[in-house]
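Let me begin by presenting the structure, written as structure tokens, before commenting on it.
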Amino acid sequence: MNVLYAPSYRLAEGFITDNVMQGYDLQVLENICEVLEQQRIPGKALFLVPEQTPKEQTEATLLGLDGYPIEKIDSLQEAKDCFCMVTDYSNVSYAFAFFYKKPVIFFLPAFLHIDARSDQFAVLHVFGRFVFSMEKLHEMISGLYTSRGYDADIEKFLKGGFIA
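Using our numbering, the letters of the sequence shown correspond one by one to residues 250 to 413.
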């Protein structure tokens with residue numbers, strides 16, 4: 250069972266930004282691989298890189314994780330067998346959740362919490378789980394793998410009305 254990692258595209262460019270973003274991706278991918286290994290979850294991390302991301306940045310990220318079970322993919326269709334998705338705030342999360350009826354983990358280490366009452370985040374709470382530390386990311390991936398049954402909330406939402 251694979252885990253999809255699909256970061257959003259980061260518009261800013263430059264030496265500092267590229268290296269900070271690459272470091273972020275390295276940490277998340279490494280953590281996903283550690284969870285898979287420690288929990289004996291058969292599978293790998295699939296890395297869906299935004300199309301606009303410089304090729305050199307992606308290659309450097311993958312080189313930094315050489316030996317880890319990571320596969321770069323080019324299409325969300327290649328991730329249909331993943332049991333969950335990890336992202337910062339990529340809009341690909343909607344397609345993954347609603348097409349495949351699987352949960353998305355929003356990993357936001359710079360946040361303290363998300364206000365569920367905010368219109369901006371209301372729909373995300375239907376299919377999203379929010380975590381704010383590497384430790385919680387680890388726990389959430391493990392929990393989603395063992396619990397399953399997460400598609401019921403998404404299915405209920407899709408069968409209901411979209412406008413209140």
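For each residue, glycine too, the CB sits at the ideal point set by N, CA and C.
Quantities reported herein were computed from a predicted structural model and do not represent experimental measurements.
inquiry  = Can you tell me whether G409 is buried or exposed? The criterion is at least 16 other CB atoms within 10 Å of its CB, across all chains shown.
reply    = exposed
L393 vs V335 beta-carbon contact at 8 Å = no
message = Tell me which residue opens and which closes the beta strand (DSSP E) that F296 is part of.
response = A294 to L297
message = Give me the residue from K304, Y258, G313 and D337 with the minimum Cα distance to F381.
response = D337
ask   = Taking the C-alpha atoms as reference points, what is the distance between F406 and S367?
value = 18 Å
ask   = So, N251 versus L314, is the Cβ gap smaller than 8 Å?
value = no
query = Looking only at C-alpha atoms, which of F379, R378 and F332 sits nearest to G292?
reply = F332
ask   = Apart from the five residues just before and just after E404, which ones in its own chain have a Cβ nearer than 8 Å to its Cβ?
value = K350
Whole-number beta carbon distance between A309 and Q271, since they are thought to touch under 8 Å = 6 Å
task = Report buried or exposed for A328, applying the criterion of at least 16 other Cβ atoms within 10 angstroms of its Cβ.
result = buried
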